[in-house]
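Going by the numbering used here, the first residue of the sequence shown is number 47, and it counts up by one from there.
By construction, the Cβ of each residue, glycine as well, lies at the ideal position given by its N, Cα and C atoms.
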Amino acid sequence: MTRNKAQYEGYFGIGIMEPKTEENVGTLWRSASILGASFLFTIGRRYKKQASDTGRSWKEIPLFHYTDFDDFYQHLPYSCQLVGVELDAKAVLVEQFQHPERCIYLLGSEDHGLSNAVRTRCHHLVQLPGTSSMNVASAGSIMLYDRHLKTHLLPGADQPS
Numbered sequence: 047m048t049r050n051k052a053q054y055e056g057y058f059g060i061g062i063m064e065p066k067t068e069e070n071v072g073t074l075w076r077s078a079s080i081l082g083a084s085f086l087f088t089i090g091r092r093y094k095k096q097a098s099d100t101g102r103s104w105k106e107i108p109l110f111h112y113t114d115f116d117d118f119y120q121h122l123p124y125s126c127q128l129v130g131v132e133l134d135a136k137a138v139l140v141e142q143f144q145h146p147e148r149c150i151y152l153l154g155s156e157d158h159g160l161s162n163a164v165r166t167r168c169h170h171l172v173q174l175p176g177t178s179s180m181n182v183a184s185a186g187s188i189m190l191y192d193r194h195l196k197t198h199l200l201p202g203a204d205q206p207s
């Protein structure tokens, strides 16, 4: 069912599991702030403030930290779907993906991605174009822009499900 934008009441967050560098977190934080995310998170490693968040996004959206995936999964909000972003044969291509109204996008580290155990616990798997891993902050920014494009910019676009 298509709803008008005034009726849309969803939220979304995005985060990185075991981020490889702190700069990626800062860059994703800035993109998340610009593209309307409600929160950002990391799993498995602490974040330290650094120079790539030039917009001081920490003033606009919170960053949460979870010690491991189980800690994160136990704190998923009610009725919120987990969307894994990963190169996977079972993943839907981003061009065909309909974003849930309430969801959390989970990105793996550039060198390890998301483990099979984590992938099986995701409600959806989405794959970006290409056949190899890209920078995690870039991948997250593309997912956020795809959501923004499909929910706010495309004429007659359906709202997230």
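- Query: When we look at the beta-carbon of N50 and count the other beta-carbons within 10 Å, is it buried (16 or more) or exposed?
  - Reply: Confidence at N50 is low in this model, with a pLDDT of 40, below 50, so the placement of that residue is unreliable and no value is reported for it.
- Query: Once you ignore the five residues that flank S179 on each side, which residues in its own chain have a CB closer than 6 Å to its CB?
  - Reply: These residues qualify, in order along the chain: E156.
- Task: Keeping to the same chain, check which residues put their C-beta closer than 6 Å to that of A52; ignore five residues upstream and five downstream.
- Result: Because A52 carries a pLDDT of 40, less than 50, the predicted location of this residue cannot be relied on, and the following value inherits that uncertainty. Taken in chain order, the list of residues that qualify is empty.
- Since G61 is in the alpha helix (DSSP H), which residue starts that stretch and which ends it? In this chain, G61 is not harboured by any alpha helix (DSSP H); it is covered by the beta strand (DSSP E) spanning Y57 to M63.
- Item | Cβ-based neighbour list, A185, same chain, cut-off 7 Å, excluding 5 preceding and 5 following | If the five residues before and after A185 are omitted, its C-beta is found closer than 7 Å to the C-beta atoms of V131, L153 and L174, all from its own chain and listed in chain order.
- Query: Does the Cβ-Cβ distance between I80 and G61 come in under 8 Å?
  - Reply: Against a cut-off of 8 Å, the Cβ pair of G61 and I80 comes out as no contact.
- What first and last residue would you give for the alpha helix (DSSP H) that runs through R167? Counting along the chain, R167 falls outside any alpha helix (DSSP H), and DSSP gives it neither H nor E.
- Hey, A137 and L190: beta-carbon distance below 8 Å or not? Not in contact: A137 and L190 (Cβ atoms no closer than 8 Å).
- Message: If you measure between the beta carbons of L109 and W75, is that distance less than 8 Å?
- Response: Yes. Within cutoff.
- How many angstroms separate the CA atom of L133 from the CA atom of F118? If you take the alpha carbons of L133 and F118, they lie about 22 Å apart.
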